[in-house]
Each structure stands twice: as structure tokens, then as C-alpha cells.
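Protein chains in written order, with the working numbering: chain A, 1 to 227; chain B, 228 to 454.
Idealized CB from N, CA, C, for every residue including glycine.
All of these numbers come straight from a predicted model, not from anything done at the bench.
Next up, the structure:
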């Protein structure tokens with residue numbers, strides 16, 4: 001295993017971010033159980049949450065393997081991720097589903113970035129995690145089915161999805177300023193493919209945010225929602 | 228696999244009770260995360276909760292294998308188990324640990340009863356679940372270590388443990404009245420070993436409660452607490 005000293009600090013940051021994102025999702029899903037419409041759905045929710053815990057555990061072990069203190073790697077992301085959850089607390093089961101889909105989608109984009117940029121062992125970890133997140137289509141299907149029954153929900157849920165991504169981008173902006181090495185890592189590919197603008201990393205990060213927003217729009221339409 | 232019709236309804240009840248107990252523990256542990264003293268402990272708590280979810284899932288699948296509707300089997304136990312959790316909400320990390328130990332201990336006693344009374348496939352399931360609950364010694368050790376540092380905590384935690392088991396027996400009494408077939412099953416062994424008293428199942432159930440209380444006392448002293 002590659003030791004921490006030889007690993008890009010941005011990769012460590014990205015692993016720490018994703019590890020805490022998975023742990024935060026675990027607790028958030030468990031919290032949302034009160035919104036579940038049935039005992040069976042509560043049980044399914046527990047199953048989804050347990051999968052987040054497994055991913056957290058894989059990422060944490062991976063950090064330990066790099067000789068890195070995993071809690072130290074996660075700490076910078078606790079406040080922004082907790083803030084995102086606090087500002088986007090679902091008030092209904094459908095809002096919770098949309099949040100799961102949007103949050104998993106953004107996490108998936110970050111996992112893909114990680115796979116592009118990191119060592120083969122980290123790539124293999126990412127593939128393992130992403131192979132298991134086959135629930136996206138299930139969640140999108142549930143939202144589409146609810147919209148087919150009650151089309152008037154679309155407006156409110158579209159607003160909700162916009163708020164979810166808006167709050168995420170706002171937290172991400174703070175993280176990008178506080179963690180320049182992570183920002184540089186995430187911006188690298190964008191920089192390579194475009195003419196330098198002289199605006200530095202923040203401009204590149206903005207372009208990366210634009211690409212995340214694009215992914216978000218694709219996910220909205222997969223759920224039957226509009227911008 | 229044996230079909231539901233040929234399975235003792237008391238065994239189905241016991242499986243339903245334990246399945247919902249595991250699901251309830253999952254959500255309770257996730258809830259208690261706010262009490263965890265560190266990010267690392269929060270992560271460990273998520274791991275314990277995920278194990279409860281796995282046991283829930285095993286028990287639920289086992290009920291499905293019996294041709295039984297698993298949610299129907301769990302439903303009679305939702306109210307009493309939720310009531311137990313509501314009446315015993317931990318106010319500190321140590322209270323949460325003591326509750327985990329006491330609750331797991333009682334569940335363990337019920338699992339052992341299930342193994343004594345059920346078919347070989349159910350016995351194998353119970354052995355699998357019990358083999359994984361090796362955390363009891365870890366939790367008891369944590370409580371003992373905290374008491375060694377602050378011996379004055381012992382009185383309050385002993386009271387807390389007494390309340391936990393008192394509330395559990397009170398809920399169990401209700402369940403025994405409402406589910407006579409489960410009561411009969413749990414009382415069977417006690418009946419076989421003793422002279423009939425003419426008081427019927429409730430007296431036998433009381434004797435079973437006495438044996439559960441004995442187990443509880445043993446667990447108290449394992450944690451360094453007194454009656």
C-alpha cells in the first residue's frame with residue numbers, strides 16, 4: 001500500500017470528504033425513518049443506511065492503509081456536510097427520496113473524480129463502492145411513480161431539488177477556499193482541457209461546479225422534475 | 228424450508244419480536260450518535276447499528292422463508308418495543324452504553340429460548356447471530372473503565388439499569404397477555420421442570436421473567452454495577 005507521504009494531499013482530502021459524507025448519509029437516512037410510510041419501508045431505509053456505513057468503513061480503512069489518521073482526514077468536512085444536512089432537512093418521504101437521489105448523485109460525481117485522479121488501489125475501491133449504489137434507479141422510479149399519481153407535486157419538488165443543490169454548492173465553495181489542494185485536484189482536469197484564464201484555481205473550481213450542476217440537471221429529469 | 232402453517236405460532240412471534248427488536252436497536256443506536264464523544268466513536272456506533280440491521284435482515288428473510296408476512300409478524304411488537312425506547316431514552320454516552328448492554332443481554336436470552344424451542348434451521352440462524360454479538364464484552368469493559376475513573380457514577384448508572392429492566396418487564400408483561408401462544412412457548416420449559424401450580428401460563432411466564440432478571444443481575448455485575 002502507498003504510504004500517506006507519497007499520496008496527493010488532495011486525494012486524502014477527497015477520501016476524507018467521501019468517508020464523512022457516507023457516515024453523514026448513514027445518520028441522515030436513519031433520522032428520516034420517521035417519515036417512512038410503512039414498517040417495510042423503514043426496514044428498507046435501514047438497509048440503505050447500512051450500505052452507507054459499509055462504504056464509510058471501506059473508505060476509513062483505505063485512509064488507515066495510507067498511514068493517515070482517518071478522523072483527521074474527515075474533520076475538515078464535518079462542519080460543511082453537517083451544515084448541508086441541517087439546512088436541507090426533508091419534511092416528507094418524497095423530499096427524503098429526492099434528497100437521497102441528489103446527494104448520492106453528487107457523491108457519485110466526486111467518486112468518479114477520485115477514480116480519475118488517484119492510484120489503482122483507490123480506483124478499485126471506487127469501482128467497488130459505485131457498483132453497489134444501484135439504488136439510484138429505484139429511487140428515481142419511486143419519485144416518478146409519485147409524480148404520475150400527483151403531478152402537482154412536481155413544482156414543489158423541483159424547488160426542493162434546486163435548494164438541495166444550491167446549499168451543496170454554497171458549502172462546496174467554502175470547502176474549496178479552505179482546502180486549496182483539494183480544489184487544485186478537482187480543477188486539474190478542467191484546467192488541462194481548457195485555455196488558461198489567469199483566474200487561478202477558483203475559476204477552475206467554478207467550471208467543475210458547472211459540470212456538477214449539469215449532472216444534477218440530468219438527475220432532475222431522470223426523476224421527472226424540471227430545473 | 229418448513230412452511231408457516233407447520234411452524235409453532237409462538238416461534239413466528241418470537242422471530243417477529245426479535246426482528247423488530249433488531250430494527251428498533253438499529254434506529255436507537257443511530258439516534259444515540261449525538262451522544263458519542265468523538266467522530267471515531269460515532270463511526271463505531273454506525274458499525275454497531277449496521278450489524279443490528281444485518282440481523283434484522285436475516286430474521287426478516289427467515290420469516291419470508293417460512294411463508295409468513297414478516298411485517299405482519301413484527302407488528303404486534305412495534306408498540307411495546309417503541310414504548311420501551313421512548314421511556315428509556317439515554318441522556319449520556321454511558322447511559323447509552325449501559326442500555327446497549329442491557330438490551331442486547333435481554334435479546335440474547337430470547338435468542339437462546341428461540342434456539343431451544345425451534346427447528347434446526349432457526350437454531351442455525353440464532354447461532355449465526357449470537358456468534359456476531361461479541362461486542363458485549365467490549366461495552367461492559369467501557370463501562371467498567373468509566374467507573375474506575377469516576378466511581379461515583381455507579382449509583383446513578385445502577386438506578387438507570389434498574390429502570391431499563393423494569394420498563395422491559397412491564398412491556399413484556401403486556402406482550403405476554405396479548406400473545407398467549409408466545410407466552411406458552413416461553414413458559415414451556417419452565418413448566419416441564421416444575422410442579423404444576425394451577426396458575427397457568429402467566430405464572431410460568433413470571434418464572435421466565437425471574438430467570439431473565441437473574442441474567443440481568445449477572446450482566447450488571449459484569450459492568451461493575453450493583454442491584
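Quiz item: Which residues bound the alpha helix (DSSP H) around residue 132 of chain A?
Solution: Here residue 132 of chain A refers to the residue found at position 132 when the first chain is read from its first residue. Looking at the DSSP string, the run of the alpha helix (DSSP H) that includes residue 132 of chain A is 120 to 132.
Quiz item: Measuring CA to CA, which of A/107, A/95, A/113, A/168 is closest to residue 146 of chain A?
Solution: Looking up residue 146 of chain A in the first chain gives position 146. Ranking A/107, A/95, A/113, A/168 by Cα distance to residue 146 of chain A puts A/95 first.
Quiz item: Taking the C-alpha atoms as reference points, what is the distance between residue 221 of chain A and residue 143 of chain A?
Solution: As a first step, residue 221 of chain A must be located in the first chain, where it is residue number 221. As a first step, residue 143 of chain A must be located in the first chain, where it is residue number 143. Roughly 11 Å separates the two Cα atoms.
Quiz item: Going by C-alpha distance, which of A/225, A/83, A/140, A/112 is nearest residue 159 of chain A?
Solution: Working through the first chain from its first residue, we reach residue 159 of chain A at position 159. Checked all of A/225, A/83, A/140, A/112; the closest Cα to residue 159 of chain A is A/225.
Quiz item: With 16 as the cutoff for other CB atoms within 10 Å, does residue 70 of chain A come out buried or exposed?
Solution: Within the first chain, the letter at position 70 stands for residue 70 of chain A. Residue 70 of chain A comes out buried.
Quiz item: Are residue 129 of chain A and residue 111 of chain A close, meaning C-beta to C-beta below 8 Å?
Solution: Locating residue 129 of chain A in the first chain gives position 129, where the first residue counts as 1. Locating residue 111 of chain A in the first chain gives position 111, where the first residue counts as 1. Cβ distance < 8 Å, so residue 129 of chain A and residue 111 of chain A count as in contact.
Quiz item: Which of the residues in the stretch 273 to 290 of chain B, read from start to end, lie with their CB under 9 Å from any CB of chain A?
Solution: 273, 274, 276, 277, 278, 279, 280, 281, 283, 284, 287
Quiz prompt | Helix, strand or coil at residue 13 of chain A [DSSP, three-state] | solution = Counting from one through the first chain, the residue named residue 13 of chain A turns up at place 13. Reduced to three states, the DSSP call for residue 13 of chain A is helix.
Quiz prompt | Cutoff 8 Å: residue 87 of chain A Cβ touching any chain B Cβ | solution = As a first step, residue 87 of chain A is located in the first chain; it is residue number 87 there, counting from the start. No - not a single Cβ of chain B is within 8 Å of the one on residue 87 of chain A.
Exercise. For my contact list, residue 52 of chain A and residue 29 of chain A are in at a C-beta cut-off of 8 Å; report their separation, rounded to the angstrom.
Key: Counting from 1 along the first chain, the entry for residue 52 of chain A is found at position 52. Counting from 1 along the first chain, the entry for residue 29 of chain A is found at position 29. Yes, they are in contact, since the Cβ atoms of residue 52 of chain A and residue 29 of chain A sit about 7 Å apart, within 8 Å.
Self-check item: 8 Å Cβ cutoff, residue 122 of chain A in contact with chain B
Solution: By 1-based counting over the first chain, the position of residue 122 of chain A is 122. No, residue 122 of chain A does not count as interfacial toward chain B.
Practice problem: Determine the extent of the alpha helix (DSSP H) in which residue 281 of chain B is found, giving its start and end residues. | Solution: Residue 281 of chain B sits at position 54 when you count from the first residue of the second chain. Run containing residue 281 of chain B: 266 to 292, per the alpha helix (DSSP H) assignment.
Practice problem: Give the C-beta separation of residue 184 of chain A and residue 24 of chain A to the nearest angstrom, bearing in mind that I take them to be a contact with Cβ-Cβ under 8 Å. | Solution: Taking the first residue of the first chain as position 1, residue 184 of chain A is located at position 184. Taking the first residue of the first chain as position 1, residue 24 of chain A is located at position 24. 24 Å between Cβ atoms; not a contact.
Quiz item: What does a CB cutoff of less than 6 Å around residue 19 of chain A pick up in its chain, not counting 5 residues either side in sequence?
Solution: By 1-based counting over the first chain, the position of residue 19 of chain A is 19. Correct list, in chain order: 56, 59, 60, 74.
Quiz prompt | Among A/15, A/54, A/46, A/209, nearest to residue 64 of chain A - alpha-carbon criterion | solution = Within the first chain, numbered from 1, the residue matching residue 64 of chain A stands at position 64. For residue 64 of chain A, the nearest C-alpha among the options comes from A/15.
Quiz item: Nearest-angstrom Cα distance between residue 49 of chain A and residue 234 of chain B?
Solution: Here the question's residue 49 of chain A lines up with position 49 in the first chain. Here the question's residue 234 of chain B lines up with position 7 in the second chain. Cα to Cα, the separation comes out at about 32 Å.
Quiz item: Are residue 92 of chain A and residue 35 of chain A close, meaning C-beta to C-beta below 8 Å?
Solution: If you number the first chain from 1, residue 92 of chain A lands on position 92. If you number the first chain from 1, residue 35 of chain A lands on position 35. Taking 8 Å as the Cβ cut-off, residue 92 of chain A and residue 35 of chain A qualify as a contacting pair.
Quiz item: Between the C-alpha atoms of residue 124 of chain A and residue 131 of chain A, what's the straight-line distance to the nearest angstrom?
Solution: Start at 1 with the first residue of the first chain, and residue 124 of chain A comes out as number 124. Start at 1 with the first residue of the first chain, and residue 131 of chain A comes out as number 131. Rounded to the nearest angstrom, the two C-alpha atoms are 11 Å apart.
Quiz item: Would a check of beta-carbon distances place residue 208 of chain A closer than 8 Å to chain B?
Solution: Locating residue 208 of chain A in the first chain gives position 208, counting from the first residue. No, residue 208 of chain A lies away from the interface with chain B (no Cβ there is under 8 Å from its Cβ).
Practice problem: Answer with buried or exposed for residue 343 of chain B, where buried requires no fewer than 16 other C-beta atoms within 10 angstroms of its C-beta. | Solution: Residue 343 of chain B sits at position 116 when you count from the first residue of the second chain. The residue in question, residue 343 of chain B, is exposed, as its Cβ has fewer than 16 Cβ neighbours within 10 Å.
Quiz item: Among residues of its own chain, excluding the 5 on either side of residue 394 of chain B, which ones have a beta-carbon nearer than 7 Å to its beta-carbon?
Solution: By one-based count along the second chain, residue 394 of chain B stands at place 167. Within the same chain, residue 394 of chain B has close Cβ partners 311, 314, 315.
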